[in-house]
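Peer 1: Be aware that the sequence shown starts at 0, since it is given in our numbering, and climbs by one per residue. Even for Gly, the Cβ is constructed at its ideal location relative to N, Cα and C. Small disclaimer: the values here were computed from a predicted structure and weren't measured.
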Amino acid sequence: MPWWNDPAAGLTPAVTIDRVAAWFDANGFTYGRSENGSAIVTGFDEYSYVVAVVDGNLMVTHARFWTNLPDDARSLAALRELINRLNQSRTIPSLSTFADEDGRQLAAEIAVPVSEGLNGDQLDDILGTSLQAIISSFEELGEALGIEPTGEGEQ
0 MPWWNDPAAG
10 LTPAVTIDRV
20 AAWFDANGFT
30 YGRSENGSAI
40 VTGFDEYSYV
50 VAVVDGNLMV
60 THARFWTNLP
70 DDARSLAALR
80 ELINRLNQSR
90 TIPSLSTFAD
100 EDGRQLAAEI
110 AVPVSEGLNG
120 DQLDDILGTS
130 LQAIISSFEE
140 LGEALGIEPT
150 GEGEQ
């Protein structure tokens with residue numbers, strides 16, 4: 000019988016924001032909690048992250064790459080073409096763009112169903128893979144856009 004049909008010691012542990020925080024602690028990452036305590040908030044260089052567990056069913060990592068790119072129609076069309084090409088070439092993360100008062104920014108999102116829980120190794124693999132996939136995607140976008148990382152952010 001596969002392990003997922005008969006997990007050791009009963010049910011696979013639920014994914015909670017406290018378990019996510021423990022993963023960040025174990026990996027030496029600096030982080031905070033959202034005002035209501037329901038999400039982990041952190042940042043690395045120009046990248047910011049929010050990891051949340053939604054209704055115990057979905058663990059979502061939202062990330063932002065603060066590029067402050069021009070928001071004109073020509074630049075936006077080229078950026079969307081690049082993002083679409085990257086989205087077609089990889090499974091995760093889902094990349095998008097949005098504008099704020101500073102210009103055009105980049106976003107990434109990875110959503111993982113967790114309603115049946117995750118053991119420690121699974122949680123470690125998913126969080127590590129998610130952050131690495133986002134960093135890799137943002138680095139590729141930055142390279143294609145000619146943006147050099149400053150290396151001045153939190154670690």
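Please specify which runs of the beta strand (DSSP E), each continuous and at least 3 residues long, are wholly inside the stretch 59–120, giving them in chain order.
Peer 2: Whole beta strand (DSSP E) segments, 3+ residues: 93–99, 102–112.
Peer 1: Sort 52, 90, 25 by Cα distance to residue 35 and report the nearest one.
Peer 2: Per the Cα distances, 52.
Peer 1: So is residue 62 buried or exposed if we call it buried at 16+ other beta carbons inside 10 Å?
Peer 2: By the 10 Å Cβ count, residue 62 comes out buried.
Peer 1: Under 8 Å between the Cβ atoms of residue 164 and residue 108?
Peer 2: Since the first residue of the chain shown is 0 and the last is 154, residue 164 is not available in this structure.
Peer 1: Compute the beta-carbon to beta-carbon distance between residue 147 and residue 11, rounded to the nearest angstrom, for a pair I have assumed lies under 8 Å.
Peer 2: About 42 Å separates the two Cβ atoms, so there is no contact after all.
Peer 1: For the candidate residues 66, 42, 125, 55, whose alpha-carbon lies nearest to that of residue 140?
Peer 2: Closest by alpha carbon: 66.
Peer 1: Hey, out of 143, 75, 124, 104, whose CA is closest to residue 111's CA?
Peer 2: Closest by alpha carbon: 124.
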